[in-house]
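The structure appears right after this line, and notes come after that.
Number of protein chains: 2
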Amino acid sequence: MSGQFITKTRTRLAAAERYGMSKGKLVSVILEPDGFEVRVPVGTLLSKAAAAAGRSVEMPCGGIGLCGKCRVLVSGDVTPPDTAEERLLGSESLADGVRLACRTKAIGNTRVVIPDESRSIVQKILSDSKLRDCCLNPGIRKIYCELSPPSLDDERAEFERLAEHLSEHGVGVRPNINVARTISSDLRSASYKVTAVICDDELIAVESGDTTQTIYGIAFDLGSTTVVGYLIDLTNSKELGVSAVMNPQMVYGDDLVGRISFATTHDDGRKTLQAAALDALNRIVQNVSKTAKVSAEHIYKASLVGNTCMTHLLLGIDVNSLGQSPYVPSMCADMTVPAREIGLKVNAEAKLTVLPNVAGFVGSDLVGVLLSNLWEDGGQVRLAVDIGTNGEMALMCAGKTYVCSAAAGPAFEGAGISCGMRGGPGAIDSVVIDDDVHFTTIMERKPIGLCGSGLVDAVAQMLDAGIVDEGGRLLSADDVGHLPSSLRDRLVTTPHGTSFVLAWKHESGTGKNLSLTHTDIRHLQLAKGSMHAAIQTLLKTAGLEDAQLDQILLAGAFGNYISVESAMRIGLIPAIDRRKVVSIGNAAGSGAKLALLCVNELQRARTIATSATHLELAVSPDYQMELMERMMFPGQSE
Amino acid sequence: MSGQFITKTRTRLAAAERYGMSKGKLVSVILEPDGFEVRVPVGTLLSKAAAAAGRSVEMPCGGIGLCGKCRVLVSGDVTPPDTAEERLLGSESLADGVRLACRTKAIGNTRVVIPDESRSIVQKILSDSKLRDCCLNPGIRKIYCELSPPSLDDERAEFERLAEHLSEHGVGVRPNINVARTISSDLRSASYKVTAVICDDELIAVESGDTTQTIYGIAFDLGSTTVVGYLIDLTNSKELGVSAVMNPQMVYGDDLVGRISFATTHDDGRKTLQAAALDALNRIVQNVSKTAKVSAEHIYKASLVGNTCMTHLLLGIDVNSLGQSPYVPSMCADMTVPAREIGLKVNAEAKLTVLPNVAGFVGSDLVGVLLSNLWEDGGQVRLAVDIGTNGEMALMCAGKTYVCSAAAGPAFEGAGISCGMRGGPGAIDSVVIDDDVHFTTIMERKPIGLCGSGLVDAVAQMLDAGIVDEGGRLLSADDVGHLPSSLRDRLVTTPHGTSFVLAWKHESGTGKNLSLTHTDIRHLQLAKGSMHAAIQTLLKTAGLEDAQLDQILLAGAFGNYISVESAMRIGLIPAIDRRKVVSIGNAAGSGAKLALLCVNELQRARTIATSATHLELAVSPDYQMELMERMMFPGQSE
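Residue numbers (numbering that gives the first Met the number 0), protein chains in the order written: chain A, 0 to 637; chain B, 0 to 637.
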């Protein structure tokens, strides 16, 4: 089989191993003060369990048992204190049940109180998204009606009384069973002055009085790591609020492979993951409706994009086939269900539309990216790239769209890198190397690790400085005698080989050096190589060269924060005119918003999904060849 | 207000009083050996509780504590034994927990074991129904598909794989969320050889192998007293089985008013009645599928008719407005819901269609009667009458249909009559009076009471014999000196006035005389008077006379068993040529069958329901006048 296939299989096997633990039973962790319960695999760190419930604890040291900030009060069945806890908490506190969330694992049912001072601010999340113009035609209408009450001279049924009134105003409606159940008392208690809420031609709610000014919708981007929701006023297209939470499924698996494994090997695994995703959506609904001071009952429509696995899990669809070759989805078609059907806590009869997928690893999130950046000015050649563990990308030229996904591995998300971390507080997110190493961190905390954009910057700068060669070899201090000692001294020899120190232990928040190793650089090479090889395969399939690209659109969090120069320097994207590369923010979310605002946009999304040509890199000899080539770093001259 | 209104109100008040008891709390009665639980008002007889659960006990004496046949084994909180039980059971049996179901009331949670010998055969139920010709186009299709499994060269999603195959055969399908959830494993386990089940354009099931020959549907007639279901093979229109059960809601109220009262005054009253109706439907499904040896999973469509109150309760719709003037329904439109939505145990995605209503007391059962007897040969004047507590009727002439309902009271169902009973074993169902009284009973048992058809016969014969006069007065033995003593002796004087003995105590199954009193005859006069007055009002509205009627169709159980001559003799229906009166059996059920067989019939039912002119007798001065007149019995000459 081809390289992509091998890559996929390898990544999957590695992940399956990592999740070996999760084949065991689940235990209950109840998080106080609000009593939220989360079910996690035996041996889950309390910090992870809390994160799964969206109630993260503060861990300035990155969760390595150094700072002692993640104190929680624990009762139940957990692992005994380790030396770090004994040192930081003392026997008295431990006897009182105080523990560090980053060290303590749940081995049975456990209750955890998180004191206020231990609550954390969440990961830096990309929620910005620009929106192209679109018509406002969400398919939700409200009509205020003053009806005559029943009398012996007018014995029409309650529903027909309302329907005939609406019909006189040119609107035909059909009944909804749940509305019919209470329409009689609803009309009576409102003295027959009501607002009819109509979705397409279905009467989905009857509200007391005139509520015609309050029609809201919510657009979701259900990412594997981050879930974002946008509250939109459907009377005027205005965005009223945005909320982002970590995907609570993370505790069951860091990436898609882990979650598929969890879903297919655990009893009720699918239900557990569905409930976790739903919990994230419901917390977002709660957040945005509270902030914008609107009632969630007045949200009548929801749209959602996500990768194929995420949307399958949300809808309760079997993901087994996504976990084994040839990785086909259960379904690509878009799906609309009543909110009550899956338990989304907006108006019970609101319609949730999940946009269509293209393939097993090309989901509605990429369709959302395409929808929000439709190549309307034909003739231009554009490439859209959503970089992540599973990078999805699309190339449009001459009216055709080619899409593919590349299993890049988790390096861009800081995983698999020795000092890697997600883009949270204290993550090094940009690096400059001149005579010494300079960096910035998120929220200007002391550095505790390196996130994706920092990694790309660091390696790009190391290439320029001659610390890493084109083959990806980290040079030794002896090889770089021409460099100032402030840099040379950073090349230290460890039992595992040479490593390059980005932050010395005295300046780091962990008390340890933050370094990049040869292996770290290999991980990045594999990740960027597979992304770039995928891009080249798309171009080759379309018969194009790099120079013919009119635009490269970088979507998603990574695409937003990354330095374009560094990305080109390490060969992650083609080295074209810098000005042709544009970060488009959360374009997947924008696609969800468009589908929310106008019913025609859903139709357009369908056209995109069904007309796109999906390249399966696993069976592409071109990709194989490209992968070999693109693993290398470009030379200085490029 | 008018007489009809007064009648209605009076009937309702009386019923509300009768159901006063049921305003208390509910207790649980568990019926062994099968452990079925039913929740009933405190003070409910165990015999009634058993009937509510469809597990009736044998009561040859009619439940008056005479025969001792209804022995059950009781544990829990019940009333203490009465003298009848002490006499019939003895202290030893009582100490062992043996009780009579007809005497013992549940006052707390109770467990009842019904031994085999105490199980009863159910009431004689009308399930015959002739069916007019109709097209077979139920909207359910099955298509056998052999698909190519996914491969690296064919990575189409599972749903799309099937949908595209169907599309090649000219059938477009849209996904159903529940089918999508398991389509992947369903296709795999069937080696991609499956039968697609399509309802309209929705893929509602995917079955392993070729099951194209098994497409079943079920048509229900949900009556207040009796529930009937017909299993139909939708590949060839053949009826495969029929099953009838008593409506378990009876324990919560004998008639509609009682049930509306229960639904609106009890916590969860509506849910309790919904569950009871659903239980009846599910027992029928179980019965017919067992008898016909088909899997209930292969029933993909259901249709249902019933009066407005019954169908509202089944669908969980508020019935409050049906219980108070002006008695408007929540909804008249037909409603189609997935079987899983209400818990009908056929294929989960099967569609249940409840036919449309016309008004609060003119339900889809009358629409079913009209649908099954559509006046296709225009020009004829036809009257259809469904006689019951709430008699529903329709008159069609010159392309117009007039419908109305009359609150006749429960006399035709044997209630409110001193020796009245429903049409079960031992009920006198026909009477002839010559020199003496002769009668037949249902199942040729010893007589224990008088059912509706027996009552009409008895009074008609008593009129002919001169024992009752035109005003409804029961003559005394002194007034009828010309009659043979075998008849005269039957006119006995009791503390409550004169009564006429139909069966002497030595020949009856109860050990007591079975007699008709003056009050009984008054009840019948009121019942038949309101029915006939309604008929006359319909005729008058259409500008017609009795003689212009080309046909009278008698629908339902009573219409089937009644003697047409007797009905005319007492003035229940117009006295026209006997040959013009036709019993059409369970015509409501036939309507449900038609709607099952062909989608066009549902459209036709909608047209019937929306185009019918509903006469509200409560506001009709004509009805008022007619009621005065029709209370009288016709003279001999008529």
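The C-beta atom is built at its ideal place from N, Cα and C for all residues, glycine as well.
Just to make sure I have the definition right: I need the residues of chain A whose C-beta is within less than 9 Å of the C-beta of residue i. Which are they?
i: ARG339/B; result: Residues of chain A passing the Cβ test: none, with the nearest at roughly 11 Å.
i: ALA332/B; result: ALA156, PHE158, GLU159, ALA162, ARG173, PRO174 and ALA179
i: GLY359/B; result: GLU154 and ALA156
Look up residue i in the DSSP assignment and give the residues it is bridged to.
i: TYR229/B; result: ALA218/B and VAL241/B
i: LEU202/A; result: ILE197/A
i: THR439/B; result: SER429/B
i: PRO40/B; result: LEU25/B
i: TYR191/B; result: Answer is none; TYR191/B lacks a bridge partner.
i: LYS399/B; result: CYS396/B
i: LEU581/A; result: Checking the sequence, you will find Val at residue 581/A rather than Leu. LEU552/A, per the DSSP bridge assignment.
i: LEU382/A; result: LEU394/A and ILE551/A
i: GLY419/B; result: LEU449/B
Roughly how many whole angstroms lie between the Cα atoms of residue i and residue j?
i: SER471/A; j: GLY465/A; result: Strictly speaking, residue 471/A in this sequence is Gly, with Ser absent from that position. The alpha-carbon atoms of GLY471/A and GLY465/A are separated by roughly 11 Å.
i: GLU91/A; j: ILE427/A; result: 37 Å
i: ASN512/B; j: GLU85/B; result: 24 Å
i: GLY67/B; j: VAL226/B; result: 29 Å
i: ALA591/B; j: LYS539/B; result: 30 Å
i: ILE607/A; j: VAL368/A; result: 11 Å
i: ILE341/A; j: ARG180/B; result: 12 Å
i: CYS308/A; j: GLY208/B; result: 29 Å
i: ALA393/B; j: ASP433/B; result: 36 Å
i: PRO620/B; j: VAL357/B; result: 22 Å
i: ARG258/A; j: SER147/B; result: 28 Å
i: MET20/B; j: ILE182/B; result: Residue confidence is low: MET20/B scores 38 on pLDDT, short of 50, so the model does not pin down where it sits. No coordinate-derived value is stated.
i: GLY398/A; j: ARG381/A; result: 11 Å
i: LYS22/B; j: THR264/B; result: Its pLDDT being 47, under 50, LYS22/B is placed unreliably by the model, and the measurement read from it follows with that caveat. Their backbone Cα atoms lie some 6 Å apart in a straight line.
i: GLU206/A; j: CYS198/A; result: 14 Å
i: GLU116/B; j: ALA49/B; result: 15 Å
i: VAL287/B; j: GLY359/A; result: 44 Å
i: VAL112/B; j: VAL336/B; result: 37 Å
i: ASP152/A; j: SER404/B; result: 16 Å
i: SER184/A; j: ALA275/B; result: 23 Å
i: THR518/B; j: ARG339/B; result: 49 Å
i: GLU159/B; j: LEU186/B; result: 12 Å
i: TYR215/B; j: LYS237/B; result: 10 Å
Residues of chain B with a CB under 8 Å from the CB of residue i: which are they?
i: LEU314/A; result: ILE176, ALA179 and ARG180
i: GLU348/A; result: Per Cβ cutoff of 8 Å: no residues; GLU348/A is ~13 Å from chain B at best.
i: MET615/A; result: For the record, residue 615/A in the displayed sequence is Glu; it is not Met. LEU151 and GLU154, listed in chain order.
i: SER90/A; result: Correct list: empty, because the minimum Cβ distance to chain B is about 52 Å.
Could you tell me which chain B residues have their CB closer than 7 Å to the CB of residue i, listed as they occur along the chain?
i: ARG155/A; result: VAL327
Find the residues of chain A that neighbour residue i, judging by a C-beta separation of less than 8 Å, and give them in chain order.
i: ASN389/B; result: The contacting residues do not exist; ASN389/B stays about 15 Å from chain A at best.
i: SER324/B; result: LEU151
Do residue i and the ligand MN come close, with the Cβ less than 7 Å from some heavy atom?
i: VAL227/A; result: Questions concerning the ligand MN fall outside what the structure shown contains, since it holds no ligand whatsoever.
Can you name the residues of chain A whose CB is closer than 7 Å to the CB of residue i?
i: VAL336/B; result: ILE176
Mind listing the chain B neighbours of residue i? Cutoff is C-beta to C-beta under 9 Å, in chain order.
i: ASN649/A; result: Nothing can be reported for residue 649/A: it is not among the residues displayed for chain A, which extend from 0 to 637.
Residues from the segment 515-530 of chain B in contact with chain A, defined by Cβ distance under 9 Å: none
Alpha helix (DSSP H) runs wholly inside the segment 275-351 of chain B, at least 4 long, in chain order: 307-314 and 338-341
In chain order, each beta strand (DSSP E) run of at least 3 residues that lies wholly inside the segment 471-553 of chain B: 490-493, 496-502 and 513-516
Taking any Cβ of chain A, which residues in the segment 231-246 of chain B have a Cβ under 7 Å from it, in chain order? none
Could you tell me which whole beta strand (DSSP E) segments of length 3 or greater appear in the segment 68-124 of chain B? 70-77, 97-99 and 104-112
Along the chain, which unbroken stretches of the beta strand (DSSP E) at least 3 residues long are found entirely within the segment 138-174 of chain B? 139-145
May I ask you to list, following chain order, the residues of the segment 182-214 of chain A that have a beta carbon less than 7 Å from some beta carbon of chain B? ILE182, SER183 and SER184
Going along the segment 616-629 of chain B in order, which residues come within less than 8 Å of chain A, judged by CB to CB distance? ALA617 and VAL618
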